[in-house]
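Counting from 104, one number per residue, gives the positions in the sequence shown under the numbering used here.
Note that the Cβ used here is the ideal one computed from N, Cα and C, for glycine as well.
Fair warning: this is a prediction, and the values are worked out from it, not measured in the lab.
Contents: one structure, followed by commentary.
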Amino acid sequence: MWTMDKLIEANLYRGELIPVSGKLVDRYNECLKKLGFTETNLTTFHIDGMGWSPEVAEEKKEVHYLNNGDANAHGIIISPLQKGKPVYTPFHTFDRDMMLHVFKTYGEKIKDITRDCAICLDFDQGIDAFYEPLDVLRYETITISFHLINKLRKVQKKQLELIEIFNRDSNFIDESIHEQILTSAKTHGDLRHRDLELPPIQFTTDSFYTKAFKGVYVLRDFITPILVFEDETWYKEAIKDTNYQVLIYHISQPELMPKLRDHVIIEYNLETAVKTERYERIKKFEITQYLKNTQHPIKDILENPILYKSYLNKLDIESRKKVMSVERYLEKLETSNQYKIADVVDTKLFEALHKPHSSLEGKHQDLIWKLLVNVSPKDVLYWYWYDKEDFYQNFESWDDSFKAWVIETISNNI
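Quick look at the structure:
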């Protein structure tokens with residue numbers, strides 16, 4: 104509980120969720136039923152920009168409870184306040200962009216409709232179900248369809264028909280028509296002048312990450328399409344497929360990083376990197392991996408230069424060499440160029456010091472940062488920024504004093 108309380112207190116744990124209660128719960132349940140899911144028994148909960156709720160997920164014991172299989176994702180809009188809000192457990196890295204597209208296209212209509220109705224979203228990429236890992240390459244244009252609960256469009260049509268009948272001949276004196284119009288208006292409001300039409304819109308994907316097949320990066324905006332699998336079983340299955348001209352890697356393969364450099368997707372400059380705050384964060388994270396049964400709190404060791412040097416020198420020689428491997432390599436390079444990075448610098452530390460190539464667009468840089476964080480998660484700030492779910496899971500197991508340092512580090516950089 105210490106973990107969540109401190110993160111919540113620092114506004115680092117799902118701080119922008121929207122509270123749901125009362126009639127909004129009923130509308131949310133109507134959407135769940137319409138999408139083919141079971142209702143929630145909760146009377147209050149919170150939702151993110153896509154309509155996902157951590158409390159409902161916990162109740163259903165299913166994180167992605169708004170998915171009908173990996174290939175069929177859905178969303179729920181019950182409030183205009185969802186506009187611009189984070190998507191906390193995206194199934195794809197483009198989920199938030201899709202929601203931004205939805206509100207950019209229909210923002211005013213959504214504001215009007217959600218006064219007394221909820222909207223179910225269906226994200227259709229033309230794939231009913233996934234069968235093989237390389238099916239993820241079929242993600243291209245996604246059609247976003249909108250469905251209103253309570254058959255509101257049909258009710259609107261009926262109201263307009265009643266008004267037409269009312270205005271015909273001498274029907275205005277017919278009390279039964281009066282009663283039908285009043286009953287409909289009391290139940291659903293006056294829908295005559297409401298614009299309830301939300302035609303489907305399209306969203307085009309490029310490179311992205313998906314949780315399908317236990318996690319796949321699809322990099323297709325570069326020299327050659329590259330797929331990076333997080334799961335080894337699905338990776339082995341994918342390399343059997345010869346129908347596509349793509350490069351396929353497992354995320355832990357040593358050949359991956361050189362290939363990403365060759366394709367001008369990532370780059371590194373150790374001389375520049377060691378002068379950055381990011382390097383200091385990485386090095387401090389690195390030393391914590393070797394500190395055991397310390398006499399001082401981890402936070403104090405990381406923040407006090409004298410204590411830091413003291414504990415660094417108490418490490419066994421091999422551990423010390425790993426922590427200081429970048430500086431050692433650069434010092435050796437000043438006297439001779441015969442040294443290779445792999446001979447001196449710890450592999451995972453070297454990987455952590457890469458960054459997206461400067462030529463990449465902003466949206467691609469974000470995706471590649473996420474990939475780099477997953478390859479070698481050593482910068483707690485970027486870990487939090489680019490893979491919150493994984494960050495939270497690892498955070499749970501850390502020393503309390505180290506957690507305090509992490510929270511302070513992130514808070515100071517927001």
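Simplified DSSP state of Asp-188, which is helix, strand or coil: On the sequence shown, position 85 is the one that residue 188 refers to. Per the sequence shown, the amino acid found at residue 188 is Lys instead of Asp. Note: Lys-188 maps to coil in three-state DSSP.
Beta-carbon proximity check, Leu-301 vs Tyr-209, cutoff 7 Å: Mapped onto the sequence shown, residue 301 falls at position 198. Mapped onto the sequence shown, residue 209 falls at position 106. It is a contact, given that the beta carbons lie within the stated cut-off.
Alpha carbon to alpha carbon, how far is Cys-220 from Leu-251? Mapped onto the sequence shown, residue 220 falls at position 117. Mapped onto the sequence shown, residue 251 falls at position 148. So the two alpha carbons sit approximately 7 Å from each other.
Gln-305 lies in the beta strand (DSSP E); which residues open and close that run? Here residue 305 is taken as the residue at index 202 of the sequence shown, counted from 1. Element bounds for Gln-305: 304-307.
Pair within 7 Å by beta-carbon distance, Val-239 and Val-319: The residue given as residue 239 occupies position 136 in the sequence shown. The residue given as residue 319 occupies position 216 in the sequence shown. In this structure, Val-319 lies closer than 7 Å to Val-239 by Cβ.
Which residues DSSP lists as bridging Val-319, in chain order: Position 216 of the sequence shown holds residue 319. Thr-313, Phe-332, per the DSSP bridge assignment.
Contact the segment 406-413 vs the segment 448-456: 3+ CB pairs below 8 Å: no
Looking at Ile-337: is its Cβ nearer than 7 Å to the Cβ of Pro-236? Taking the sequence shown and counting its residues from 1, the one referred to as residue 337 is at position 234. Taking the sequence shown and counting its residues from 1, the one referred to as residue 236 is at position 133. Per the sequence presented here, residue 337 reads as Trp, with Ile not at that position. A contact, by the Cβ cut-off of 7 Å.
How long is the line joining the alpha carbons of Asn-171 and Arg-130, rounded to whole angstroms? The residue you call residue 171 lines up with position 68 of the sequence shown. The residue you call residue 130 lines up with position 27 of the sequence shown. Using only the alpha carbons, I get a separation of about 20 Å.
Which residues mark the beginning and the end of the alpha helix (DSSP H) in which His-204 is found? On the sequence shown, position 101 is the one that residue 204 refers to. Counting along the chain, the alpha helix (DSSP H) containing His-204 begins and ends at 198-216.
Curious, which full-length beta strand (DSSP E) runs of at least 3 residues does the segment 414-453 contain? none
So, for Val-377: in the same chain, excluding its five sequence neighbours on each side, which residues have a beta-carbon less than 8 Å away from its beta-carbon? Position 274 of the sequence shown holds residue 377. Counting only Cβ-Cβ distances below 8 Å, and skipping sequence neighbours, we find Val-429, Glu-430, Leu-433.
What separation, rounded to the nearest whole angstrom, lies between the Cα atoms of Asn-518 and Leu-415? Here the chain comprises residues numbered 104 to 517, so residue 518 is not present and cannot be evaluated.
Of the residues Ser-500, Thr-147, Glu-133, the one placed nearest Thr-141, counting alpha carbons only: The residue given as residue 141 occupies position 38 in the sequence shown. Nearest of Ser-500, Thr-147, Glu-133 to Thr-141, Cα basis: Glu-133.
Hey, is the segment 180-200 in contact with the segment 212-230, meaning 3+ C-beta pairs nearer than 8 Å? yes
Count the CB pairs spanning the segment 358-375 and the segment 341-349 that are closer than 8 Å, and state whether there are at least three. no
At 3 residues or longer, and completely inside the segment 331-414: list those beta strand (DSSP E) runs for me, N to C. 350-353
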